[in-house]
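Take a look at the structure below.
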């Protein structure tokens, strides 16, 4: 039995989550460039957390618009996604006439939840430790983990557990400590990260980077606040 479960996750005020609400919209005229996505727009109310929108066009008149927060979820107003999306679509994207085709909402723990292992069960996804804590990225790791399970299925009980490399966990924990203590600096930090060579950033976020690529991304970070978290 293989499962992907996040039931009964216990959290506290120090735990961070990536939580989000989104809508797929259709407009009555061309409102988007289907070749360009807006990955992180921080031109919105941050409260005391990290908040951004992204817009993923499917066509000139259709796109997914998402409101995303990185926070401890203590402030319940952060979860008023529908109001946030309406304001962003109408005032930031300047779209007044649109139809909502689909809605979604969810949350990803930016910590490793304690999962009780049971006999003949394999945890995958976030429950299996496949989430990159600095970003919430999980999908590609699920694919690699699933391939590993399929390849070794007959002897999976004798194989080593598939895990994200320790170096990524170490760097992610430092990143999260910086995020927790310096939320106002995160727009600049994320911007600096993506000014590195795009292939190197993608490799880093996909757990496929070499040491040279790691250093290239790290050097884009503000030195002092990250050094403080190393001490």
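Numbering (the working numbering), first residue to last: 1446 to 1676.
Cβ atoms here follow ideal geometry from the backbone N, Cα and C, with glycine treated the same way.
Remember, predicted model here, so these are calculated numbers, not experimental data.
Do you know offhand how far residue i's Cα is from residue j's?
i: residue 1503; j: residue 1603; result: 44 Å
i: residue 1539; j: residue 1638; result: 29 Å
i: residue 1615; j: residue 1482; result: 30 Å
i: residue 1583; j: residue 1577; result: 6 Å
i: residue 1557; j: residue 1675; result: 20 Å
i: residue 1542; j: residue 1472; result: 6 Å
i: residue 1645; j: residue 1652; result: 11 Å
i: residue 1548; j: residue 1656; result: 40 Å
i: residue 1459; j: residue 1493; result: 14 Å
i: residue 1527; j: residue 1465; result: 10 Å
i: residue 1462; j: residue 1546; result: 26 Å
i: residue 1452; j: residue 1520; result: Reliability of the predicted coordinates at residue 1452 is poor, the pLDDT of 47 falling under 50, and the value obtained from them is presented with this limitation in mind. Using only the alpha carbons, I get a separation of about 22 Å.
Keeping to the same chain, check which residues put their C-beta closer than 8 Å to that of residue i; ignore five residues upstream and five downstream.
i: residue 1505; result: 1475, 1476, 1477, 1478 and 1479
i: residue 1643; result: none
Considering only residues of the same chain and omitting the five flanking positions on each side of residue i, which have a CB-CB separation below 7 Å?
i: residue 1649; result: 1658, 1659 and 1662
With respect to the alpha helix (DSSP H) encompassing residue i, which residues constitute its N-terminal and C-terminal limits?
i: residue 1632; result: 1631-1638
i: residue 1478; result: Segment: none, residue 1478 is in no alpha helix (DSSP H) and carries neither H nor E.
i: residue 1618; result: 1611-1626
i: residue 1393; result: Missing from the structure shown is residue 1393; the chain here goes from 1446 to 1676 and no further.
i: residue 1644; result: 1643-1650
In the DSSP assignment, find the unbroken beta strand (DSSP E) run with residue i in it and report its ends.
i: residue 1522; result: Counting along the chain, residue 1522 falls outside any beta strand (DSSP E), and DSSP gives it neither H nor E.
i: residue 1675; result: Looking at the DSSP string, residue 1675 is not in any beta strand (DSSP E); the run it does join, the alpha helix (DSSP H), is 1668-1675.
i: residue 1463; result: 1462-1472
i: residue 1705; result: The structure shown does not extend to residue 1705, since the chain is modelled only from 1446 through 1676, so no value can be given for it.
i: residue 1553; result: 1543-1554
i: residue 1584; result: Element bounds for residue 1584: not the beta strand (DSSP E) but the alpha helix (DSSP H), 1584-1596.
Identify, in the order they occur along the chain, each residue of the same chain with its Cβ nearer than 6 Å to the Cβ of residue i, setting aside the five sequence neighbours on each side.
i: residue 1579; result: 1617 and 1620
i: residue 1647; result: none
i: residue 1495; result: 1515, 1628 and 1631
Kindly identify the DSSP beta-bridge partner or partners of residue i.
i: residue 1502; result: 1508
i: residue 1515; result: 1463 and 1495
i: residue 1483; result: 1500
Taking 8 Å as the CB-CB cut-off, is residue i touching chain D?
i: residue 1609; result: Of the protein chains in this structure there is only one, and it is not chain D.
Next on the checklist: I want to know whether the segment 1661-1673 touches the segment 1523-1543 - three or more CB-CB distances under 8 Å.
Outcome noted: no
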